[in-house]
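Residue numbers (our numbering): 105 to 414. Read through the structure below, which is laid out as structure tokens, and then see the notes.
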Ligand code: PAF
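What follows is the structure, given as structure tokens:
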């Protein structure tokens, strides 16, 4: 079915309600994006389509989460290609609102605060970023609530019987591990009625995690950036083999690449993102952890991560 494009919240509600009714649907998935879509987003959309009767993707470059106006201006806008990619995955509806539609009163006076979980790692180098991202995610989750456009009594329950609420799931990439952890906490701490589904990072054949920023890398920088995923893989192998992770040697490997300026590289608890005390040299690795890395490669800041388990 061709994808439908809507730009207002009212149309999003009426069109998604119509789709639920037409499909006799009992579930709705939301895929929030900022556009400039790549295979990583395609994986989010495909997972949502597999798991839900109706899927809505949002395309909105959220000014609130950009620290600097230049970064916001140069964020790629590729609406036609984005719609084609979403349609190819089977997404039903794309919501691409204007800034005025999302923030009709200008910048919101009240925002979601990302708290302690948002202050470290990416939050430390991008102040305000996660407050802006969570604020828009909260709004998008509200906009995408299934049945918002259904008249009372017409919603369906999980067996398709009238009167119940359709299941609601929202999809986020594991690539932005801190954002995913924050969204999960926001939803559980503030009781949002939605299930958050994390989707594994998609990598190109040489290991580089897909990102809308990769297009700004020169050939040499792209080659140099591969050290990030190599270092993560090294930790993954050591963890699987229940060897000491020896994070230091992996850090040295990254630091020895002249085009790469390492910001952080650590092994953390996957939920709290607190560094694990025993991640390093002598202790054989046991359990679950997350390796987080961020580096500047030429002018481009890249992040990547790897779940570790043994
Ligand atoms: O991950 C992104 O693309 C954005 O941070 C999101 C979740 C769409 C909010 O603007």
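Note that CB positions come from ideal geometry on N, CA and C, so glycine has one too.
Contact between the segment 129-147 and the segment 156-168 is present: three or more C-beta pairs spanning the two stretches fall below 8 angstroms. By a beta-carbon distance limit of 8 angstroms, residue 113 contacts residue 205. Their separation comes to about 7 angstroms. Put simply, the residues with a CB less than 6 angstroms from any heavy atom of ligand 1 are 136, 137, 138, 166, 169, 237, 240, 241, 280 and 283, in chain order.
Between residue 343 and the set 192, 274 and 413, the nearest pair of CA atoms involves 413. Within 10 angstroms of the beta-carbon of residue 213 lie fewer than 16 other beta-carbons, which makes it exposed.
For residue 273, the secondary structure class from DSSP, reduced to helix, strand or coil, is strand. Around the CB of residue 126, fewer than 16 other CB atoms lie within 10 Å, so the residue is classed as exposed. Where residue 392 is concerned, the enclosing beta strand (DSSP E) starts and stops at 392-401. Of all alpha-carbon atoms in 350, 408, 377 and 295, the one lying nearest the alpha-carbon of residue 388 is that of 350. Residue 303 has its alpha-carbon roughly 25 angstroms from the corresponding atom of residue 201.
Closest in alpha carbon position to residue 407, among 286, 329 and 244, is 329. Taking the CA atoms as reference points, residue 337 sits about 14 angstroms from residue 346. Per DSSP, residue 378 lies in no beta strand (DSSP E) segment and is marked neither H nor E. Non-local C-beta neighbours of residue 366 in its own chain, meaning closer than 6 angstroms and more than five positions away in sequence, comprise 358, 359 and 399, ordered along the chain. Rounded to whole angstroms, the separation of the alpha carbons of residue 250 and residue 167 is 26 angstroms.
Residue 341 is bridged by DSSP to nothing; it lacks a bridge partner. If only uninterrupted alpha helix (DSSP H) runs of at least 4 residues are considered, those enclosed by the segment 112-155 are 113-126 and 143-155. DSSP lists 395 as the bridge partner or partners of residue 410. In this structure, the alpha-carbon of residue 187 lies about 12 angstroms from that of residue 149. Under DSSP, residue 107 forms no beta bridge with any residue.
Under the three-state reduction of DSSP, residue 369 is assigned to strand. The C-beta distance from residue 169 to residue 246 rounds to 17 angstroms, too long to fall under 8 angstroms, and the pair is not in contact. The Cβ atoms of residue 235 and residue 222 sit closer than 9 angstroms to each other. Taking 9 angstroms as the cut-off, the beta carbon of residue 273 is found closer than this to the beta carbon of residue 300. Between the beta-carbon of residue 371 and that of residue 377 there is about 11 angstroms, and that puts the pair past the 8 angstroms contact cut. At the C-beta level, residue 142 and residue 315 come within 9 angstroms of one another. When beta bridges are read from the DSSP output, residue 302 appears opposite 276.
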